[in-house]
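Peer 1: Going by this note's numbering, the first residue of the sequence shown is number 65, and it counts up by one from there.
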Amino acid sequence: MERIWTALKVLWVLPVSVFALPLLPLALAWPLPRAWRARWSINERVLEIESPAISWFLRGPWFRALSGGSGFAAATIGHVIVGRDHHCLASCRVHEHAHVRQCERWGPLFPLAYITAGLSAAIKARSWAAYYWDNPFEVEARNAEQQAAGTLTPQANPPS
């Protein structure tokens with residue numbers, strides 16, 4: 065029964081995960097110089113990809129603007145987590161897997177729900193940084209990190 069449930073979750077999230085397909089050549093190390101090739105692994109049924117190209121992308125202007133700093137260490141696209149490097153993937157794993165669970169709850173509506181929540185937070189705070197920092201999905205993921213570290217009690221109201 066668990067396999068059926070897992071398969072249904074994968075299918076429910078697939079419309080989001082498909083947006084990670086452009087990263088497949090990186091993950092398979094196609095015609096890229098060795099230094100730019102990605103490394104990938106599967107962790108808790110989630111594909112994790114790291115590469116210098118992904119690192120460059122996560123440090124780009126869009127992500128720097130959202131983070132209010134040097135960009136993101138990792139990002140989640142359905143059942144795919146992309147990260148700057150192995151250390152970033154390891155340190156962000158709890159946070160990013162919280163986003164995987166959110167995507168499993170929301171399915172193909174997750175990107176729209178995330179963007180709407182972020183815009184609502186930014187408008188309410190009158191600050192572009194609030195798009196990320198006050199987004200309820202990000203707050204839930206940071207709470208999952210704190211809970212895993214033993215510094216937070218479980219939260220009663222995750223975004224639903």
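A virtual CB, placed ideally from N, CA and C, is assigned to each residue, including glycine.
Under a Cβ-count criterion, where at least 16 other Cβ atoms within 10 Å of its own Cβ denotes burial, should Arg148 be classed as buried or exposed?
Peer 2: Buried, since its Cβ has 16 or more Cβ neighbours within 10 Å.
Peer 1: Using the C-alpha atoms, what's the distance from Gly135 back to Trp126?
Peer 2: Cα to Cα, the separation comes out at about 8 Å.
Peer 1: Could you tell me the alpha carbon to alpha carbon distance between Ala185 and Glu209, rounded to whole angstroms?
Peer 2: Distance between the alpha carbons of Ala185 and Glu209: 21 Å.
Peer 1: Starting from Val110, trace the beta strand (DSSP E) both ways and give me its first and last residue.
Peer 2: Counting along the chain, the beta strand (DSSP E) containing Val110 begins and ends at 110-114.
Peer 1: Please name the residue or residues paired with Ser155 in a DSSP beta bridge.
Peer 2: Ser155 is not bridged to any residue.
Peer 1: With distances taken between CB atoms, is the gap from Val164 to Leu87 smaller than 8 Å?
Peer 2: Their beta carbons are not under 8 Å apart, which means Val164 does not touch Leu87 by this criterion.
Peer 1: Taking the C-alpha atoms as reference points, what is the distance between Phe174 and Ser131?
Peer 2: Between Phe174 and Ser131, the C-alpha separation is close to 20 Å.
Peer 1: Nearest to Gly214 by alpha carbon, out of Trp104, Val158, His143, Gly171?
Peer 2: Closest by alpha carbon: Val158.
Peer 1: Whose C-beta lies closer than 6 Å to the C-beta of His143 among residues of the same chain, with five residues either side of it excluded?
Peer 2: The answer, listed in chain order, is Val77, Ser81, Val110.
Peer 1: I think Ala137 touches Ser155, with their Cβ atoms under 8 Å apart; what is that distance to the nearest whole Å?
Peer 2: Right, their Cβ atoms sit about 7 Å apart.
Peer 1: Give the C-beta separation of Tyr196 and Glu204 to the nearest angstrom, bearing in mind that I take them to be a contact with Cβ-Cβ under 8 Å.
Peer 2: Contact flag wrong, Cβ pair sits at about 13 Å.
Peer 1: Using the three-state DSSP reduction, which class does Arg103 fall into: helix, strand or coil?
Peer 2: DSSP places Arg103 in strand when its eight states are reduced to three.
Peer 1: Helix, strand or coil: which one does DSSP assign to Gly124?
Peer 2: Coil, per DSSP.
Peer 1: Under 7 Å: does the beta carbon of Ala189 sit that close to some heavy atom of the ligand HEM?
Peer 2: The model on display carries no ligand, and the ligand HEM is accordingly not part of it.
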